[in-house]
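In UniProt numbering, the protein residues as written are 1 to 232.
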């Protein structure tokens, strides 16, 4: 993976950029320096090339009644090819340390896809949630994430999978089940890139695994959009 091999550090943004609990990921972490030692694959995509490839594939899918099952391998391969260079991602990597995680919009057409960078604070997780879209693809950029999958069984949410991923791409949609994602480390933050197709503005969340019928509605929002703090 090309780019700056300097260790990553997080600096506080103050004044006009925001309060002291807002940080920016400025470079690479020690963990990502290790990833740089692996040879760059010949068909690797930069961030700009990834966005272009996603939009090209979606354009070709128009009017074809492409099913979520058929979409899955197409975007999985694109995200596998993405090089995850933090120099490209740096301007999107806002982190609100007062929250469990921070959602930053990289690119969207507001109809067929949204590409998002998420910074996961140390030891923090999302609620269990569904995916009211064809699918969610997640690429680990830095650190590691813990994905726990659930399915409804006899009125409860039963854990069916529990994985820790420090590289690669994972996929989720509602035909597979529900899940939560988080950062299992209490030492370093984690960074992931998510592709949703199509984008959605709300989802269901669960806090009690003993009561599958009791869910809440959570509305999606972005802390930043296209590299700038969102103004809601």
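For each residue, glycine too, the CB sits at the ideal point set by N, CA and C.
Everything numeric in this text was worked out from a predicted model, so none of it was measured.
Is it the case that the Cβ atoms of residue 96 and residue 197 are separated by a distance below 8 Å? As a working mapping, residue 96 is identified with position 96 in the chain shown. As a working mapping, residue 197 is identified with position 197 in the chain shown. No, they are not a contact pair.
Within 8 Å, do at least three Cβ pairs link the region 101-117 to the region 153-173? no
CB-CB length for residue 150 against residue 158, believed under 8 Å: On the chain shown, position 150 is the one that residue 150 refers to. On the chain shown, position 158 is the one that residue 158 refers to. Indeed they touch by this definition, with Cβ atoms about 6 Å apart.
What does a CB cutoff of less than 7 Å around residue 227 pick up in its chain, not counting 5 residues either side in sequence? If you number the chain shown from 1, residue 227 lands on position 227. Excluding sequence neighbours, residue 227 sits near 91 and 92.
Is the number of C-beta pairs between the region 114-124 and the region 178-186 that are closer than 8 Å three or more? yes
With DSSP as the reference, identify every bridge partner of residue 223, one or two as the case may be. Taking the chain shown and counting its residues from 1, the one referred to as residue 223 is at position 223. Residue 223 pairs with nothing; no bridge assigned.
Spatial neighbours of residue 84 within its chain, please: C-beta separation below 6 Å, excluding the five flanking residues on both sides. Numbered from 1 along the chain shown, position 84 holds the residue referred to as residue 84. Closer than 6 Å at the Cβ level, and outside the excluded window around residue 84, lie 141.
Return yes when the Cβ of residue 220 is within less than 8 Å of the Cβ of residue 202, no when it is not. Within the chain shown, the letter at position 202 stands for residue 202. Within the chain shown, the letter at position 220 stands for residue 220. Yes, the Cβ-Cβ distance between residue 202 and residue 220 is below 8 Å.
Would you check if there are 3 or more beta carbon pairs closer than 8 Å linking the region 164-174 to the region 105-117? no
For residue 128, which beta-bridge partners are listed by DSSP? Stepping through the chain shown from its first residue, residue 128 is reached at position 128. According to DSSP, which records beta bridges pairwise, residue 128 is partnered with 206.
Suppose contacts are defined by Cβ-Cβ distances below 8 Å. Is residue 53 in contact with residue 45 by that definition? Here residue 53 refers to the residue found at position 53 of the chain shown. Here residue 45 refers to the residue found at position 45 of the chain shown. Yes. Within cutoff.
Please check the pair residue 116 and residue 205, which I expect to be a contact at CB under 8 Å, by giving their CB distance rounded to whole angstroms. Locating residue 116 in the chain shown gives position 116, where the first residue counts as 1. Locating residue 205 in the chain shown gives position 205, where the first residue counts as 1. Going by Cβ atoms, the distance from residue 116 to residue 205 rounds to 17 Å, so no, they are not a contact pair.
Name the residue from 69, 57, 89 and 61 whose alpha carbon lies nearest to the alpha carbon of residue 191. Counting from 1 along the chain shown, the entry for residue 191 is found at position 191. It is 89.
DSSP on residue 145, reduced to helix/strand/coil? Position 145 of the chain shown, counted from the start, is the residue given in the question as residue 145. In the structure shown, residue 145 sits in a strand (DSSP, three-state: E or B).
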